[in-house]
Amino acid sequence: MHWLHTTGRRGRRLAAYAAGDLSGPERARAESALAGCPGCRHEVEAYRLVARALRATPRVSLTAAEAQAFWPEVERRIAAGERPRRLPARPALREMLWDHRRLGLASAAAAAVLVVGLTLGQMSGWLHRGSVPSNGVEVVSVEPGGDAPVMLFQAPGSSLKVIWIFEERPSVWEVIR
Amino acid sequence: MTRSVRPLPGVLSRTSLLTVLLAVAALPAVVSGQAAVPLKVQVIYAANEPGGVDSRLGTLAAELEKTFRYSKYELLDSPQGSAPLNQSWRTSLPGDRSLEITPTAIQDGEYTLSVRVQASSGQALVNTRIKLKAGRSVLVGGPTHQKGVLIIAITAG
Amino acid sequence: MCKYRIDHDLERLRIQRRRGIEPARDHPEPEDDRALVRRAQQGEREAFATLVRRHQDRAFNLAYQMVRHREDALDVAQEAFARAYTSLPSFKGDATFGTWLHRIVVNLAIDSLRRRRRGGETPYDDWRGLPEEPDGELTAPDDPGMALEAKQTRALLARGIAELPPAQRAALILREVEGLSYEEIARAVGCSPGTVMSRLFYGRRRLRQVLKARLADLR
Chain A
8 MHWLHTTGRR GRRLAAYAAG DLSGPERARA ESALAGCPGC RHEVEAYRLV ARALRATPRV
68 SLTAAEAQAF WPEVERRIAA GERPRRLPAR PALREMLWDH RRLGLASAAA AAVLVVGLTL
128 GQMSGWLHRG SVPSNGVEVV SVEPGGDAPV MLFQAPGSSL KVIWIFEERP SVWEVIR
Chain B
81 MTRSVRPLPG VLSRTSLLTV LLAVAALPAV VSGQAAVPLK VQVIYAANEP GGVDSRLGTL
141 AAELEKTFRY SKYELLDSPQ GSAPLNQSWR TSLPGDRSLE ITPTAIQDGE YTLSVRVQAS
201 SGQALVNTRI KLKAGRSVLV GGPTHQKGVL IIAITAG
Chain C
110 MCKYRIDHDL ERLRIQRRRG IEPARDHPEP EDDRALVRRA QQGEREAFAT LVRRHQDRAF
170 NLAYQMVRHR EDALDVAQEA FARAYTSLPS FKGDATFGTW LHRIVVNLAI DSLRRRRRGG
230 ETPYDDWRGL PEEPDGELTA PDDPGMALEA KQTRALLARG IAELPPAQRA ALILREVEGL
290 SYEEIARAVG CSPGTVMSRL FYGRRRLRQV LKARLADLR
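Residue numbers (this note's numbering), protein chains in the order written: chain A, 8 to 184; chain B, 81 to 237; chain C, 110 to 328.
Below, the structure is given as structure tokens:
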């Protein structure tokens, strides 16, 4: 059995195993496979050190003075009301229409409904309800491939419709001989 | 002075006329079947790193900035080609991926395209059908690339 | 095709117990938080104040791990609660208050990072030399040499985290520092567990490269 050490899905397997993200039979199989691959064991050890280093990150706390002043400052900000009335789109994601398997969109109006905050802070879109102009672009249907979810959105003020793909979640044993 | 219209000669001529009419009726289909749809793709690298907006993106840049919050947009490639109806045009994408576009209909200046983005394994990341008016673009994005993502702008006509 | 089965409960508890954190669970939510949210939604300011006091330390820690700057972290955490208060009417309760707050903190932290970048400061500015070292456990309390090594490793790690894209940074912090499960992280940041897994992988791989030399030294 041969593992590619640093790239692709095999690398992901190593990283996931090292981080303790595998369990049960998959973990047992990983351990059995590692027994015959010294290079892989080296990779796993490296990822384990990364995980340990991360988990050893010191936790920070508010000082007593900061803790005492915290709520009054929050109150001041609430009273000042200096923030937008709406939060960014991400908290509204639970309202979005998201079918992992298929998005069948019959019309431009339907196609324009979905706005999704996909990567943290990367999207400036807002959740739209109702129809928006097609602007000469209509997404008739979208079908994700494999397990990769796909989302459709259009930011307000932009003429662009966006079909966004999430990379496929790797299969653990796809390439192990 | 009246001009008399000569009646059509007999059956043979009517048949010939019918044949011509049928041929003319079929002509748009034949022409459409052979018409190649111009396709233009811009492969863009978007990331949160220094770099700003690539000036080669032209008017697309403003739309990207309205849609996303990346700090860098770089045009990696801008392949162009064409494909007749129901035939595919393919181009490679970074990360051993590929893009396949198949025009399936043309009507009133609007193109229907089947678009498929494929991973290196051959598995489709997405299959989508879109209708684009000539000159309009749609974006397909999300596959990771270096420190950011790929955004692919597809324009027809 | 096999899927990952994530033993998130056990691993999360392991991480949190190691860190001395009381485990946070999305289900069942402490009754207190739900009741406090309801009262706050009905206008009881003191109920919200109780929620703030209960969650402020954790929000601050999360903000700090993201932005690695104490003043900015304080600003982010306080602003997060202010926004949460403003948006209370839209909070439906299908996630816990803590998870909901996580999302707000992470998003504001990323905005804060972006503002710093636009201002010409790169995240690396914070990491010249050793970053501010908060009080925390030392991994090697007895041996000064090992203590210094640990400190240097943490500095390298901090630098590496600072260079990660915000999405990967958030996923790593929520997983390895806060001990959230993949599903909890997905709810907190608004993406799929599959995307969380991708971000964790790319983040871990980059940190592994950053620590490569250090890892070689330590072997």
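Every residue, glycine too, gets a C-beta built ideally from N, C-alpha and C.
Determine the burial state of residue i: buried for a count of at least 16 other Cβ atoms within 10 Å of its Cβ, exposed for fewer.
i, result
"Ala204 (chain C)", "buried"
"Gly43 (chain A)", "exposed"
"Pro45 (chain A)", "exposed"
"Thr197 (chain A)", "Beyond the ends of chain A as shown, which are 8 and 184, falls residue 197 (chain A); an answer cannot be given."
"Gly207 (chain C)", "buried"
"Asn166 (chain B)", "exposed"
"Glu145 (chain A)", "buried"
"Lys321 (chain C)", "exposed"
"Pro163 (chain A)", "exposed"
"Pro198 (chain C)", "exposed"
"Arg162 (chain C)", "exposed"
"Pro223 (chain B)", "buried"
"Gly269 (chain C)", "buried"
"Gln135 (chain B)", "A quick correction: the sequence has Ser, not Gln, at residue 135 (chain B). Answer is exposed; the Cβ neighbour count stays below 16."
"Pro151 (chain A)", "buried"
"Thr126 (chain A)", "Unreliable placement is indicated for Thr126 (chain A), whose pLDDT of 36 sits below 50; the coordinate value is still reported in the next sentence. Its Cβ being crowded by 16 or more others within 10 Å, Thr126 (chain A) is buried."
"Ser39 (chain A)", "exposed"
"Pro302 (chain C)", "buried"
"Ala259 (chain C)", "buried"
"Asp251 (chain C)", "Model confidence at Asp251 (chain C) stands at a pLDDT of 49, short of 50, so the residue's coordinates are unreliable; what they give is reported in the following sentence. Looking at its Cβ environment, which holds fewer than 16 other Cβ atoms inside 10 Å, Asp251 (chain C) is exposed."
When you compare the CB positions of residue i and residue j, do they come within less than 8 Å of one another, or not?
i, j, result
"Ala172 (chain C)", "Val185 (chain C)", "yes"
"Arg196 (chain B)", "Ala204 (chain B)", "yes"
"Ile124 (chain B)", "Leu156 (chain B)", "yes"
"Ala233 (chain B)", "Gln122 (chain B)", "yes"
"Ala158 (chain C)", "Ala189 (chain C)", "no"
"Gly64 (chain B)", "Ser194 (chain B)", "Given that chain B is displayed from residue 81 to residue 237, the structure contains no residue 64 (chain B) and the question cannot be resolved."
"Leu265 (chain C)", "Val319 (chain C)", "yes"
"Thr262 (chain C)", "Ala60 (chain A)", "yes"
"Gln165 (chain C)", "Ala37 (chain A)", "no"
"Arg188 (chain A)", "Gln187 (chain C)", "For residue 188 (chain A) there is no data in the structure shown, the boundaries of chain A being 8 and 184."
"Gly143 (chain A)", "Lys213 (chain B)", "yes"
"Ala72 (chain A)", "Arg314 (chain C)", "no"
Hey, how far is the Cα of residue i from the Cα of residue j?
i, j, result
"Glu230 (chain C)", "Pro130 (chain B)", "Residue placement at Glu230 (chain C) cannot be trusted, given a pLDDT of 48 that sits under 50; what the coordinates show is reported in the next sentence. Roughly 11 Å between the two C-alpha positions."
"Thr192 (chain B)", "Leu137 (chain B)", "24 Å"
"Val147 (chain A)", "Glu292 (chain C)", "31 Å"
"Ser290 (chain C)", "Gly27 (chain A)", "12 Å"
"Ser307 (chain C)", "His225 (chain B)", "12 Å"
"Lys211 (chain B)", "Tyr153 (chain B)", "26 Å"
"Arg317 (chain C)", "Gln277 (chain C)", "14 Å"
"His211 (chain C)", "Ala86 (chain A)", "23 Å"
"Glu52 (chain A)", "Ala25 (chain A)", "7 Å"
"Arg177 (chain B)", "Asn207 (chain B)", "14 Å"
"Leu173 (chain B)", "Gln198 (chain B)", "9 Å"
"Ser166 (chain A)", "Phe148 (chain B)", "13 Å"
"Thr235 (chain B)", "Val133 (chain B)", "20 Å"
"Tyr311 (chain C)", "Cys47 (chain A)", "18 Å"
"Glu180 (chain C)", "Leu69 (chain A)", "11 Å"
"Ala149 (chain C)", "Val81 (chain A)", "14 Å"
"Leu159 (chain A)", "Val149 (chain A)", "8 Å"
"Arg225 (chain C)", "Leu273 (chain C)", "15 Å"
"Ala141 (chain B)", "Trp171 (chain A)", "18 Å"
Kindly give me the distance between the Cβ atoms of residue i and residue j, rounded to whole angstroms, as I take these residues to be in contact under 8 Å.
i, j, result
"Thr228 (chain B)", "Ala127 (chain B)", "Reading the sequence as shown, one finds Gly at residue 228 (chain B) and not Thr. Contact holds; Cβ gap of about 3 Å."
"Ile294 (chain C)", "Ala271 (chain C)", "The Cβ separation is near 20 Å, so there is no contact."
"Arg66 (chain A)", "Asn170 (chain C)", "6 Å"
For residue i, which of the options has the nearest alpha-carbon?
i, options, result
"Ser81 (chain C)", "C:Arg147, C:Gly312 and C:Asp166", "The structure shown does not extend to residue 81 (chain C), since chain C spans only 110 to 328, so no value can be given for it."
"Ala116 (chain B)", "B:Ser168, B:Leu144 and B:Lys213", "B:Ser168"
"Gly202 (chain C)", "C:Gln261, C:Arg296, C:Glu153 and C:Cys300", "C:Arg296"
"Val157 (chain A)", "B:Ser201, B:Leu219 and B:Ala236", "B:Leu219"
"Ala156 (chain C)", "C:Asp166, C:Ala168 and C:Asp142", "C:Asp142"
"Pro275 (chain C)", "C:Leu183, C:Ala259, C:Val214 and C:Pro302", "C:Val214"
"Glu287 (chain C)", "C:Ala149, C:Gln174, C:Val161 and C:Arg162", "C:Gln174"
"Lys120 (chain B)", "B:Ala185, B:Thr171 and B:Leu230", "B:Thr171"
"His178 (chain C)", "C:Tyr311, C:Ala267, C:Gly299 and C:Phe310", "C:Ala267"
"Ala218 (chain C)", "C:Ser301, C:Leu273, C:Trp209 and C:Ala182", "C:Ala182"
"Glu285 (chain C)", "A:Glu150, A:Gly143, A:Val57 and A:Leu69", "A:Val57"
"Leu230 (chain B)", "A:Phe173, A:Ala35, A:Ala40 and A:Pro79", "A:Phe173"
"Pro118 (chain B)", "B:Ala141, B:Ile186 and B:Ala142", "B:Ile186"
"Gly299 (chain C)", "C:Leu145, C:Glu153, C:Glu180 and C:Trp209", "C:Trp209"
"Arg154 (chain C)", "A:Ile170, A:Trp78, A:Gln161 and A:Leu29", "A:Trp78"
"Ser162 (chain B)", "B:Ala142, B:Asp188, B:Thr184 and B:Ala141", "B:Thr184"
"Glu50 (chain A)", "A:Leu29, A:Glu33, A:Arg19 and A:Ser30", "A:Arg19"
Is the closest heavy atom of the ligand HEM to the C-beta of residue i under 7 Å?
i, result
"Ile231 (chain B)", "Absence of the ligand HEM from the depicted structure is noted, as is the absence of any ligand whatsoever, leaving it without description."
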